[in-house]
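Number of protein chains: 2
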Amino acid sequence: MRRTKAEAEETRNSIISAAERVFYEKGVSNATLEDVANAAGVTRGAIYWHFSNKTDLFLELYNSVSMPLEDMIAREIEAPDSDVLCYIEKSTGDWLGDLAGDEHRQRIFTILLRCAYSDDLLPVLEKQQEVDDRHVALLENAFAKARSEGYLNANWTPQSATKALWWMMGGLCSDWLLFGRRFDLVAEGKEGLKRLFGSFRPSADIVDASPAS
Amino acid sequence: MRRTKAEAEETRNSIISAAERVFYEKGVSNATLEDVANAAGVTRGAIYWHFSNKTDLFLELYNSVSMPLEDMIAREIEAPDSDVLCYIEKSTGDWLGDLAGDEHRQRIFTILLRCAYSDDLLPVLEKQQEVDDRHVALLENAFAKARSEGYLNANWTPQSATKALWWMMGGLCSDWLLFGRRFDLVAEGKEGLKRLFGSFRPSADIVDASPAS
DNA sequence: AATTATACAAACAGATACGTATGTTAAAAT
DNA sequence: ATTTTAACATACGTATCTGTTTGTATAATT
């Protein structure tokens, strides 16, 4: 039964949405297109009408989400001149809050983490790397600015601080996503960020509890 | 052709070894048992003789490796009384060296990271969690000891230091393993450890470059 | 109003991949 | 020396899953 163009777009979206849930639950390679069709309330015919195959569907799903770097960049652009470290810390903490509140994004991330990249969806891996590299570059710039303005502890360099933050965030989110969200991502994450950024600042700024004896 | 018992054990090992390589290259769910058989120079008959199915083979492969926690524990037991933080840092750095030098372990880790855990190999996930939890507990004890002996900066608690280290190591290794080993794991890792542990220590211990102005 | 093209559903054909069943050979057991 | 049995290879049947093809009802076009 021929649908109107808006209705067709609806089914297309419902297929992508169903694919997200099915891929998340069963893994991309274990999920069958009939699983997706059932979850979307259509038949495989509809899927093959809108997409050429499973890989294509996966790529479209991947493209359908505004990757979090985008809004990270969006925030970074309006960087204030005050305390840059405070800004990075807050921005990163907010990013955690976004992730914790967005099941959609959580599923996408989990799918990408668990996904065994076969040759055909190598573009996904490349885009991931590219996005990551840009993100790292952004952080390095911000930390360099912090350093030049005297906000960075001499114990750290912009590069090392970036990597420490980057890897800690990666480990934190992987741990949370892959192991059943067993802890409060935002609370634990911000706690960790507070400590780490505390060590990023010159000692005088943060040591208020126990002065060096 | 009936083989002697030793020869049969050989083929069993070669199958496991082949499974490791094939699972690593194609992902567990994309790999077929015939792939494994070809890589091992046998037929599927041999695999079905030694293992009941692919899941069983995967579990046996998983069990065949001495998980790195074991040697971490082995080291931890003979913990010295000197500077506990130095010991944790060295121990962690050595662990990185072990991983960097052991392609076998690298493949296992990568397989586990990329593996979409379906219901049947849920035991793997549970064992992973259990091992991780014990490892975290060990670290917390060590950091608690460091704190009680005055080695831990007041900016950190045993729990927060453990988590920061744990997540940073997780992010570091994931980054290295999943993205083509694009950097020197040991060099970058030890550099990061040096900075992080620098911030773990009371300020007087490490600030030799720029005294607080 | 008749035609056409769209948005699917349903049916079909091909290829895997799995599990099993059977065959075969040589090492053990008797 | 037979017999048995372990350690596979080979062959078979079957269940998916995939991609394509065909059918069909309706929206859009003329």
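Each protein sequence line maps, in turn, to chains A and B. For the first sequence, the numbering used here gives the first residue as -15, with consecutive numbering after it. For the second sequence, the numbering used here gives the first residue as -15, with consecutive numbering after it. Think of the CB as a built atom: it goes at the ideal place given N, C-alpha and C, for glycine as much as any other residue.
Residue 192 of chain B (DSSP reduced to helix, strand or coil): Caution applies to residue 192 of chain B, whose pLDDT of 42 falls short of 50 and renders its modelled position unreliable; the value that the coordinates give is listed next. Three-state result, residue 192 of chain B: coil.
Beta-carbon spacing of residue 179 of chain B, residue 160 of chain A below 8 Å: With respect to the 8 Å criterion, residue 179 of chain B and residue 160 of chain A are not classified as neighbours on the basis of their beta carbons.
CA-to-CA distance, residue 82 of chain B to residue 22 of chain A, given in whole angstroms: Straight-line Cα distance between these residues: approximately 47 Å.
Presumed contact (8 Å Cβ cut-off) between residue 92 of chain B and residue 120 of chain B, rounded CB distance: About 20 Å separates the two Cβ atoms, so there is no contact after all.
Alpha-carbon to alpha-carbon, residue 173 of chain A and residue -10 of chain B: Roughly 52 Å between the two C-alpha positions.
Residues of its chain near residue 176 of chain A, where Cβ-Cβ distance is below 8 Å and the 5 sequence neighbours each way are ignored: Apart from the 5 residues on each side of it in sequence, residue 176 of chain A sits with its Cβ closer than 8 Å to the Cβ of 152 and 156 in its chain, given in chain order.
Residue 70 of chain A, DSSP secondary structure in three states: In the structure shown, residue 70 of chain A sits in a helix (DSSP, three-state: H, G or I).
Assigned exposure category for residue 183 of chain B - 16 Cβ within 10 Å defines buried: Classification of residue 183 of chain B: buried, given that the 10 Å Cβ count is 16 or more.
Residue 154 of chain B versus residue -13 of chain A - alpha carbon distance: Their Cα atoms are separated by approximately 49 Å.
Straight-line gap, residue 187 of chain A to residue 114 of chain B (C-alpha atoms, nearest Å): Distance between residue 187 of chain A and residue 114 of chain B, taken at the CA atoms: about 37 Å.
Close-in-space but distant-in-sequence residues of the same chain around residue 94 of chain A (CB under 8 Å, 5 per side omitted): Within the same chain, residue 94 of chain A has close Cβ partners 8, 161 and 162.
7 Å CB neighbourhood of residue 12 of chain B in its chain, flanking five on each side removed: Sequence-distant partners of residue 12 of chain B (beyond 5 residues in either direction) whose C-beta falls short of 7 Å from its own C-beta, in its chain, are 42, 95 and 99.
Cβ of residue 113 of chain B within 8 Å of any chain A Cβ: It does: the Cβ of residue 113 of chain B has a partner Cβ on chain A nearer than 8 Å.
Where the alpha helix (DSSP H) through residue 142 of chain B begins and ends: Segment 142 to 162, the alpha helix (DSSP H) holding residue 142 of chain B.
Residue span of the alpha helix (DSSP H) that contains residue 96 of chain B, given as start and end: Where residue 96 of chain B is concerned, the enclosing alpha helix (DSSP H) stretches over 87 to 98.
Reduced DSSP secondary structure (H/G/I, E/B, other) of residue 76 of chain A: Of the three classes helix, strand and coil, the one that applies to residue 76 of chain A here is helix, per DSSP.
Contacts around residue 35 of chain B, its chain only, beta-carbon distance under 7 Å, and the 5 residues preceding and following it disregarded: Same-chain partners within the cutoff: 41 and 44.
Closest residue to residue 133 of chain B among B:109, B:1, B:105 and B:70 (Cα-Cα distance): The shortest Cα separation from residue 133 of chain B among B:109, B:1, B:105 and B:70 belongs to B:70.
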